[in-house]
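Asker: Got a structure for you, questions after.
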Amino acid sequence: MALVSGISLDPEAAIGVTKRPPPKWVDGVDEIQYDVGRIKQKMKELASLHDKHLNRPTLDDSSEEEHAIEITTQEITQLFHRCQRAVQALPSRSRACSEQEGRLLGNVVASLAQALQELST
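Note that my numbering numbers the sequence shown so that position 44 is 78, with each residue one more than the last.
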């Protein structure tokens, strides 16, 4: 119970924070960030498979290793394509947003696109 009535003890009330749900595009950002993490993991796995394949003591052809490399490469490619489509679709998830939210979304899209570009080089 407050000593002075009519005063809120909620710190968010003092700074005018509204309790609205996050924009719909935030879920898309979370999905993209998850897939970016999977791409990083798969790229490490692919590097390990390449090292193992190139540094093995015998020179015999190992079709299992080559198949694993091919499958992992395809998975990475599919993840990149899915992320690219998801980043391009983010603006369509923001219907009737405020100017600030639109600017924020533009910055998020640019940041995600840059992160994907850096991963692909």
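For glycine and all other residues, C-beta sits at the position ideal for the given N, C-alpha and C.
Can you look up Arg116 in the DSSP assignment and give me helix, strand or coil?
Answerer: Here residue 116 corresponds to residue number 82 of the sequence shown, with the count starting at 1. Helix, per DSSP.
Asker: Do Gln122 and Leu150 have their beta-carbon atoms positioned less than 8 Å apart in this structure?
Answerer: Working through the sequence shown from its first residue, we reach residue 150 at position 116. Working through the sequence shown from its first residue, we reach residue 122 at position 88. Against a cut-off of 8 Å, the Cβ pair of Gln122 and Leu150 comes out as no contact.
Asker: Can you check which of these residues, Trp59, Pro55, Tyr68, is closest to Phe114 by C-alpha distance?
Answerer: Reading the sequence shown from its first residue, position 80 is the one you call residue 114. If we check each option's Cα against that of Phe114, Tyr68 comes out closest.
Asker: With distances taken between CB atoms, is the gap from Thr111 to Leu83 smaller than 8 Å?
Answerer: Locating residue 111 in the sequence shown gives position 77, where the first residue counts as 1. Locating residue 83 in the sequence shown gives position 49, where the first residue counts as 1. Cβ atoms of Thr111 and Leu83: not closer than 8 Å.
Asker: Could you give the C-beta distance for Ser126 and Gly136, rounded to a whole number, given that I count them as a contact under 8 Å?
Answerer: Taking the first residue of the sequence shown as 1, we reach residue 126 at position 92. Taking the first residue of the sequence shown as 1, we reach residue 136 at position 102. Not quite, the Cβ-Cβ distance comes to about 13 Å (not below 8 Å), so this is no contact.
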